[in-house]
Amino acid sequence: MQRDRRSDAPAPPGLPPGPRAVIGQSLPRLEDGPLLRGQGLFAADVNFPRQVTMRVVRSPLAHGRLVSIDAAAALAMPGVVAVWTGADTAAIPPIPFRATRVRGLEPYCQPILARERVRYVGEPIAAVFAEDAYVAEDAADLVSAEIDPLPAHLDAAAPPGEFLPGLGTEATVVRKEYGDVEAAFRAAHAIVALDLSVGRHSGVPLETRGAVARYDAARDVLELHGTAKKQHWNRDEIARLIGRPTHGVHLFEGHVGGGFGVRGELYPEDVLVCLGALRLQRPVKWVEDRREHLVAANHSRQQRHRIRAAVDAEGRLLAIDNVFFHDQGAYVRTHGARVADMAAGLLPGPYRLPAYRVAGHFRLTNKTPAATYRAPGRFETSFVRERLMDAIAARLGLDPVELRRRNLIGRDEMPYARPVDALGVDVVLDSGDYHALLDRALARFDWAGTQARLADRRARGECVGAGLAFFVEKSGLGPADGVRVSVDATGSVELVTGAASVGQGVETVLAQICAEALGIDYRRIRVVRGRTDRIEFGNGAHASRVTVMSGSATYLAALAVRAMALETAAMELQTTAEALTIRDGRILRIARPDEPLMALGDIARQMGPNSPLMRGRTPGLTAERWFYSDHMTYPYGAHLAQLRIDRDTGEVRVERYLVAYDIGRAINPMLVEGQIAGGFAQGLGGALFEEFRYDDEGQPLSTTFADYLIPTMAEVPPVEVLIAEDAPSPLNPLGVKGAGEGGTNAVGAAIAAAVDDALGRPGAVTRLPIAPRTMRRLLAETAR
Amino acid sequence: MSDGGCASRSIAVTVNGSVCRAEAPVRLTLSDFLRQTLHLTGTHLGCEHGVCGACTVLVDGRAMRSCLMLAVQADGHQVTTIEGLAAPDGSLHPLQAAFCRHHGLQCGFCTPGLLTTLVEFLKDCPDPTAAEIREAISGNICRCTGYDSIVAATIEAARALRGDGTTP
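So this is what it looks like as structure tokens:
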């Protein structure tokens, strides 16, 4: 799993479990200073002399033939530099796939400006370049498009039809199967079938997308600023799309105002600003407004499942047959079929399942293209799977907790290989004690006492209930990540990573790992991330991968630097490396720890290129190490919810919420809690409030924050967090699993169960979000 | 800044204690004036329609959405932005310090608006309950934290501002 490419040295021993001097401590973040002082550098804060502003003209119709675009009036405006339409960008290939390529998806790729057809409201059809943002916006209003309207495809579960001439609405079907499903259904004691839907919603970071490109002719380098998430892949693809050598394009990351899966994918606008900077020979800045973001950045989640389970008389799962319809929207973007693939492969979650069959119908509609959003494919399928478990419990008259206990995979069955794949790798649940975590969560929540108290309140007429969901997350997607750790002559450390940061605390976490291994104050470590000009390769920040992959690479690199420093010091001090250690950046004899002998900076100076010591060797107190992984690591947890429904307004008030999550090891527990609490708030949005709605003609109805309802402090209760470290991952030296998505994963599932319980109607909730209008309908049905 | 054919006015706005004189197109928003004319980019724009609260600044001590206010409306008034919260010696305002200690920010994009809103709130309500804090900032969207760490930070900052001396 871990290999040292340079030396073939044996892997260092894993870090012993439990909190260490730096790892496992809730230290303040390195990131906070500039952010608190208003000194951050978000995309819109980047400016260059002579820059022009780009404004994108977007399709006003969901589907139609693009007959012509008239830009004459816009071009005549003072301050307008250029207006482009699809004809001006026809030579540029469409946005490519990064993930889960499936043959046959290519015709559904998005051009950077529409030609011949428009396929969703918000699709870029022209780009205006002007001296400032106000003029650009005025001019964009003057660009008029003649479009012959066509009927819009809006229901992914409708029978397949023709999406484009000769191309169907069903781009592909994701199929996976193991075991004898038919036999299991024939032998079943009971068959439970459900029809469940999750509404279209997405990450909606508070910072809208932005990009600033400039071409520096002096160095012959095109720079793109305001980037996020996947700088190296995006750099490679931008270079290819615009026909430049890869080394002639560099991407830079400043601060990122939230990622959540959406931000940092390669979008048409990113390519447009790069092309603009080259053609206009002036820096080009683009910052979208909120309405644009809500119709143009990736949507997510919309899926309808028709699912059946076969169970024996004790409620044990025998088979699941999962047919679902994935509403992809109008194009297939960078993720290919990834979300549908994850939904297909990861639905079984924490349960033993002898036979499984899935058919994921990947369908195009005339809506904004969809891709990943925090816990992609898992928020949806945890809702579906846990609804199914609740329905089985209700059918057999079993307690929902007991039903789950009977099906949870046991600790002695780990690692548990499920004969199915997801994200291109086999699903092997690496470690876990699911039963123990469930017990701890129930005890912390006082589940039994809660049930009794809620029964009393219901008897007094209140509409209150509790619900629970169990889930498995996935994290640490490989295959590789590298980190270079260097000590300078002042004893400061620079850590260069191919990872990125979307605001979650990457710098602090990597610095803590480096500090632990090297023996230095974490505040003396500068983390450089999200820059293609500082490290050759990188896989970025997504899929809860940074702490696992880049964290492990950091650990290996820092240990290597430590070993180099100790060897050099030992030579100098006429002793052995084993007799020495490093504390607070100083070399000490283990036997005489009160006498600092030399500083790391001194050693770095001695290892400079002009030092006789280094003759014939590569100079510098520096090491680059790569960490490789063929398998993901699988954190797991439980969500427990208690809520009250207002019978008059349909308002759902969450009274208590517990997330129990085993992530193997928490590098910084405060940041892990922050990930879980923030993830929960987003999950709550998807469960109760957030939805991109469309009218019958495909006009989006959720285009402001007054219509797309992000939970505010009034809706989000304090969340209780139980971080468990019972099951360290055997797949990396730190034992870590990713912490970023477990707070979101099972919120829809747990809230749905609690609403059922409050209504006293198992299976009442079949669709998310449970908006107030839905809740009022459920209340009315229950009253009948 | 082009005025798009619109008129402009000479304005004088006191921003973080310094008088700033400029020629402002009448349609220029206060937020764009701060960010583009004065290069104070700490004030962030999250929605530009007055819902998210990221652009909140203090105008004569009162929290205002700078995206919904024109620069010319600030003529003759005192504006405090995120850049003006720390003490002249650079030490953090108690709210800023408490946000750091309690992990009251992740991406930091909403933080300037939350801090300015809370500066006003704690002046009016120096000893708030958690429920009062939740009410006070229910008009600021944070997409990262889940809010509770912000409540905890505000309680601690209020204590420090009252001079209880119990701040760690």
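Protein chains in written order, with the working numbering: chain A, 1 to 784; chain B, 1001 to 1168. No residue lacks a Cβ here, since even glycine has one placed at the ideal position from N, Cα and C. Computed from a predicted structure; not experimentally measured.
I'd like the list of long-range same chain contacts for residue i, defined as Cβ closer than 8 angstroms, with 5 residues on each side in sequence excluded.
| i | result |
| --- | --- |
| asparagine 1140 of chain B | Cys1052, Gly1053, Ala1054, Thr1056, Cys1110, Gly1113, Leu1114, Thr1117 |
| arginine 58 of chain A | Val121, Gly122, Glu123, Pro124, Ile125, Glu292, Val295, Ala296 |
| threonine 1014 of chain B | Cys1020, His1077, Gln1078, Val1079 |
| leucine 1122 of chain B | Leu1095, Pro1128, Thr1154, Ala1157, Ala1158, Leu1161 |
Under three-state DSSP, which class holds residue i?
| i | result |
| --- | --- |
| proline 419 of chain A | strand |
| aspartate 312 of chain A | coil |
| serine 7 of chain A | With a pLDDT of only 39 at serine 7 of chain A, under the threshold of 50, the placement of this residue in the model should not be trusted; the figure read from the coordinates follows. It is coil, neither helix nor strand. |
| serine 486 of chain A | strand |
| tyrosine 120 of chain A | coil |
| valine 1013 of chain B | strand |
| glutamate 624 of chain A | strand |
| aspartate 1003 of chain B | Confidence at aspartate 1003 of chain B is low in this model, with a pLDDT of 47, below 50, so its placement is unreliable and no value can be given for it. |
| tyrosine 1147 of chain B | coil |
| proline 612 of chain A | helix |
| arginine 357 of chain A | strand |
| isoleucine 238 of chain A | helix |
| aspartate 695 of chain A | coil |
| tyrosine 134 of chain A | helix |
| phenylalanine 689 of chain A | helix |
| threonine 1081 of chain B | coil |
| threonine 1167 of chain B | Confidence is the limiting factor: at threonine 1167 of chain B the pLDDT is only 46, short of 50, which leaves the residue's position unreliable, though a coordinate-based value still follows. Coil. |
| alanine 156 of chain A | coil |
| valine 493 of chain A | strand |
| threonine 598 of chain A | The sequence given here has methionine at residue 598 of chain A, not threonine. DSSP places methionine 598 of chain A in strand when its eight states are reduced to three. |
| methionine 564 of chain A | helix |
| cysteine 1100 of chain B | helix |
| aspartate 195 of chain A | strand |
| phenylalanine 705 of chain A | coil |
| alanine 108 of chain A | The displayed chain sequence assigns tyrosine, not alanine, to residue 108 of chain A. Correct three-state label for tyrosine 108 of chain A: helix. |
Among the residues of its own chain, which have a CB less than 7 angstroms from the CB of residue i, if the five just before and after it don't count?
| i | result |
| --- | --- |
| threonine 703 of chain A | Arg291, Leu294, Val295 |
| tryptophan 84 of chain A | Leu113, Ala126, Ala127 |
| proline 711 of chain A | Ala681, Leu684, Gly685, Phe689 |
| proline 772 of chain A | Thr649, Gly650, Glu651 |
| glycine 1050 of chain B | Arg1065, Cys1067, Leu1068 |
| glutamate 781 of chain A | none |
| serine 1031 of chain B | Thr1043, Leu1045, Cys1055, Ser1066, Cys1067 |
Near residue i, what residues of its chain come up, given a Cβ to Cβ distance below 6 angstroms and the 5 sequence neighbours on each side ignored?
| i | result |
| --- | --- |
| aspartate 341 of chain A | Thr100, Val174 |
| glutamate 494 of chain A | Ser486, Arg526 |
| leucine 196 of chain A | His305, Val384, Arg387, Thr766 |
| valine 204 of chain A | none |
| leucine 671 of chain A | Gly505 |
| glycine 583 of chain A | In the sequence under discussion, the amino acid at residue 583 of chain A is arginine, which differs from the glycine named in the question. For arginine 583 of chain A, where only same-chain residues beyond five positions count, the Cβ hits under 6 angstroms are Gly519. |
| aspartate 1075 of chain B | Ile1011 |
Pop quiz: residue i and residue j are said to be a contact at Cβ under 8 angstroms. What is the actual Cβ separation, rounded to whole angstroms?
| i | j | result |
| --- | --- | --- |
| tyrosine 434 of chain A | tyrosine 636 of chain A | 6 angstroms |
| valine 548 of chain A | serine 475 of chain A | 6 angstroms |
| valine 472 of chain A | asparagine 668 of chain A | Not really, about 23 angstroms apart at Cβ, beyond 8 angstroms. |
| arginine 404 of chain A | phenylalanine 470 of chain A | 6 angstroms |
Inset, instruction - Could you name the residues of the stretch 1108-1124 of chain B whose beta carbon sits closer than 9 angstroms to any beta carbon of chain A, in the order they occur along the chain? - result: The stretch 1108-1124 of chain B vs chain A, Cβ under 9 angstroms: Gly1108, Phe1109, Cys1110, Thr1111, Pro1112, Leu1115.
Legend entry - Contact set between the stretch 645-659 of chain A and chain B, restricted to residues whose Cβ is under 9 angstroms from the partner: Residues passing the 9 angstroms Cβ filter: none.
Inset, instruction - List in chain order: all unbroken alpha helix (DSSP H) runs of 4+ residues lying wholly within the stretch 11-77 of chain A. - result: Fully enclosed alpha helix (DSSP H) runs of 4 or longer: 32-37, 72-75.
Legend entry - Residues, ordered as in the chain, of the stretch 1011-1034 of chain B that lie near chain A by beta-carbon distance below 9 angstroms: Sequence-ordered contacts of the stretch 1011-1034 of chain B with chain A read Pro1025, Arg1027, Leu1028, Asp1032 [C-beta pairs closer than 9 angstroms].
Legend entry - Near-chain B residues of the stretch 496-527 of chain A - C-beta to any C-beta below 8 angstroms: Of all residues in the stretch 496-527 of chain A, Val502, Gly503, Gln504, Gly505 have a Cβ within less than 8 angstroms of some Cβ in chain B.
Legend entry - Minimum length 4: unbroken alpha helix (DSSP H) runs contained in the stretch 402-461 of chain A: Those alpha helix (DSSP H) runs which fall completely within the stretch 402-461 of chain A and span 4+ residues are 434-445, 447-459.
Legend entry - Continuous beta strand (DSSP E) assignments of at least 3 residues falling wholly in the stretch 512-550 of chain A: Secondary structure remark: continuous beta strand (DSSP E) runs of at least 3 residues inside the stretch 512-550 of chain A, in chain order: 525-528.
Legend entry - Cβ-based contacts, 9 angstroms cut-off: residues of the stretch 374-405 of chain A near chain B: Close to chain B, meaning a Cβ-Cβ distance shorter than 9 angstroms, is no residue of the stretch 374-405 of chain A at all.
Legend entry - Members of the stretch 1082-1095 of chain B near chain A, C-beta cut-off 7 angstroms: Residues of the stretch 1082-1095 of chain B whose Cβ lies closer than 7 angstroms to any Cβ of chain A, in chain order: Ile1082, Glu1083, Ala1086, Leu1092.
Legend entry - Ordered list of alpha helix (DSSP H) runs contained in the stretch 722-776 of chain A, each at least 4 residues: When DSSP assignments are scanned along the stretch 722-776 of chain A, the uninterrupted stretches of alpha helix (DSSP H) that are 4 or more residues long and fall wholly within it turn out to be 742-745, 747-759.
Legend entry - Positions along the stretch 1145-1161 of chain B whose CB lies within less than 8 angstroms of some CB in chain A: Those residues of the stretch 1145-1161 of chain B that come within reach of chain A (Cβ to Cβ, closer than 8 angstroms) are Thr1145, Gly1146, Tyr1147, Asp1148, Ser1149, Ile1150, Val1151.
Inset, instruction - Output the residue ranges of the beta strand (DSSP E) runs that lie fully inside the stretch 641-687 of chain A and measure 3 residues or longer, sorted by chain position. - result: Whole beta strand (DSSP E) segments, 3+ residues: 652-662.
Legend entry - 3 or more residues per run - each beta strand (DSSP E) lying fully within the stretch 161-192 of chain A: You should have 162-164, 170-178.
Inset, instruction - With 8 angstroms as the C-beta to C-beta threshold (strictly closer), list the residues of the stretch 1041-1056 of chain B near chain A in chain order. - result: The residues in question are Thr1041, Gly1042, Thr1043, His1044, Leu1045, Gly1046, Cys1047, Glu1048, His1049, Val1051, Cys1052, Ala1054.
Legend entry - Selection of the stretch 696-714 of chain A by Cβ proximity to chain B, strictly under 7 angstroms: Those residues of the stretch 696-714 of chain A that come within reach of chain B (Cβ to Cβ, closer than 7 angstroms) are Thr704, Phe705, Ala706, Ile710, Thr712, Met713, Ala714.
Inset, instruction - Just list the alpha helix (DSSP H) runs in the stretch 218-273 of chain A, keeping only unbroken ones of 4 residues or longer that don't cross its boundaries, in chain order. - result: Within the stretch 218-273 of chain A, the runs of alpha helix (DSSP H) at least 4 residues long that lie entirely inside it are, in chain order, 231-242.
Legend entry - Chain-ordered residues of the stretch 670-681 of chain A with a beta carbon less than 7 angstroms from chain B: Within the stretch 670-681 of chain A, the qualifying residues are Met670, Leu671, Gly674, Ala677, Gly678, Phe680, Ala681.
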